[in-house]
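Protein sequence lines correspond, in order, to chains A and B.
Using the working numbering, the letters of the first sequence map in sequence onto residues 548 to 716.
Using the working numbering, the letters of the second sequence map in sequence onto residues 548 to 716.
Protein chains: 2
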Amino acid sequence: MSAAADDSGDDLDPLERQVVGFFVDGVRVLGLPRSIGEIYGLLFISRDPLALDDLVRRLGISKGSASQGLRMLKSLGAVREAGGNGNGERRTYYEPAVELKRLAGGFIREQIRPHLDSGKSRVRQLAETAGAVEDPDQRKFLSERVERLEQWMRSGGRVLPLLQKILGQ
Amino acid sequence: MSAAADDSGDDLDPLERQVVGFFVDGVRVLGLPRSIGEIYGLLFISRDPLALDDLVRRLGISKGSASQGLRMLKSLGAVREAGGNGNGERRTYYEPAVELKRLAGGFIREQIRPHLDSGKSRVRQLAETAGAVEDPDQRKFLSERVERLEQWMRSGGRVLPLLQKILGQ
DNA sequence: CGGATTGTTCAATTGAAAATGAACAATCCG
DNA sequence: CGGATTGTTCATTTTCAATTGAACAATCCG
Numbered sequence: 548m549s550a551a552a553d554d555s556g557d558d559l560d561p562l563e564r565q566v567v568g569f570f571v572d573g574v575r576v577l578g579l580p581r582s583i584g585e586i587y588g589l590l591f592i593s594r595d596p597l598a599l600d601d602l603v604r605r606l607g608i609s610k611g612s613a614s615q616g617l618r619m620l621k622s623l624g625a626v627r628e629a630g631g632n633g634n635g636e637r638r639t640y641y642e643p644a645v646e647l648k649r650l651a652g653g654f655i656r657e658q659i660r661p662h663l664d665s666g667k668s669r670v671r672q673l674a675e676t677a678g679a680v681e682d683p684d685q686r687k688f689l690s691e692r693v694e695r696l697e698q699w700m701r702s703g704g705r706v707l708p709l710l711q712k713i714l715g716q
Numbered sequence: 548m549s550a551a552a553d554d555s556g557d558d559l560d561p562l563e564r565q566v567v568g569f570f571v572d573g574v575r576v577l578g579l580p581r582s583i584g585e586i587y588g589l590l591f592i593s594r595d596p597l598a599l600d601d602l603v604r605r606l607g608i609s610k611g612s613a614s615q616g617l618r619m620l621k622s623l624g625a626v627r628e629a630g631g632n633g634n635g636e637r638r639t640y641y642e643p644a645v646e647l648k649r650l651a652g653g654f655i656r657e658q659i660r661p662h663l664d665s666g667k668s669r670v671r672q673l674a675e676t677a678g679a680v681e682d683p684d685q686r687k688f689l690s691e692r693v694e695r696l697e698q699w700m701r702s703g704g705r706v707l708p709l710l711q712k713i714l715g716q
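Okay, here's the thing in structure tokens:
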């Protein structure tokens, strides 16, 4: 039960802090919560898979945060349960997915696609509303703008698969 | 001074509300403040350029928000000052840039590049820290992970120009 | 069974980012 | 000049999403 020089000690060492900080900033750019970056960051720089409890202890976050964070990371395909935890271990350990392809794919699928799809349907609605405008000049102007939005949505749809392809190596 | 059927009236009509709502959600996905979406949305669906005061009145936002919002939109290249406002008009009017290429370019230049660049330099730092680790096995593991991050950064650097190209038509 | 361990849920709290608004330029013009 | 108009800045307030923490499953095992 000595704590010194024990990797399950409570505090992060400087390198771990650096990495966690890197990912905290990284996920903020993506609009994801800080805890996601902390959890993924620590997993990324840990040799061995970690359990929920490890994350709580080492990062000093609540069980709630860790649980929800892991759920989101799982849904993004950014972490997976580590199979080979030997012995009669009951709790589940997690390890990071480190292939950019997989990470980008999950992010696109979970965070971007849904917005793009709902955007498309809102533009369709918009087209209807604009089509019902009385004044012909005004209607023409509005149609042009709506047409522009449709263009944007099409570009978006074309970009995503391409993105995945490029990041896939 | 009659307000009815006057486009400078205070409230948004249903179509305008729809469009503004569309952009509010859009910019949230990009991690930009709501007011940015409101301002750009109203400009996008207005036939004539609008001045700061118009935005304040029609959107019901503060002068401060409008001023800061316009500044950011200008820096993103998403709005421009409308030249041809005739008469002895002193205040400046704004119109939206509607080319996706330009919008994406501005966003990449202002919001993504800086993060990517700072990310690269942080990874360089990381490499140093990892190189100074005593235990050879641990050092090897860390080097692999850092190498992975360098890979990511390179991919990011390659993706951006490509993105701009695809969105450029 | 029962209590120990592991994980989830969700109402309440917190904190970080955005919006406000009032004071302060800057420019115009009679 | 002086006061009217237009726009900016920035300390305070507000807002809303993230986090907490306590209650609640669920599973294990002696």
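C-beta: ideal position from N, C-alpha, C; glycine also.
The residue from B:D682, B:H662, B:R686 and B:P661 with its alpha-carbon nearest to that of B:L673 is B:R686.
Listed in chain order, the beta strand (DSSP E) elements of length 3 or more contained wholly in the stretch 570 to 631 of chain A are 626 to 628. The Cβ neighbour count for A:A613, taken over all protein chains shown within 10 Å, is at least 16; the residue is labelled buried. The residues A550, R604, R605 and G607, in chain order, have a CB closer than 8 angstroms to that of B:D557 in the same chain once the five nearest residues on each side in sequence are set aside.
Taking C-alpha positions only, B:T676 is separated from A:L589 by approximately 16 angstroms.
When rounded, the separation of the alpha-carbon atoms in B:R671 and B:E642 is 42 angstroms. For A:A677, the chain B residues whose Cβ falls inside 7 angstroms of its Cβ are L562, in order along the chain. A contact between stretches requires three or more CB pairs, one per stretch, nearer than 8 angstroms, and the stretch 575 to 586 of chain A fails this requirement with the stretch 692 to 706 of chain B. Interface residue (Cβ-Cβ distance to chain A less than 8 angstroms): B:Q711 is not classified as such.
Residue environment analysis places B:L577 among the exposed positions, since fewer than 16 neighbouring C-beta atoms fall within 10 angstroms of its C-beta.
Chain-order list of chain A residues neighbouring B:I592: L689 and R692, by C-beta distance under 8 angstroms. DSSP places A:E697 inside the alpha helix (DSSP H), whose first and last residues are P683 to L714.
Within chain A, no C-beta atom comes nearer than 9 angstroms to that of B:S582; the closest sits roughly 17 angstroms away.
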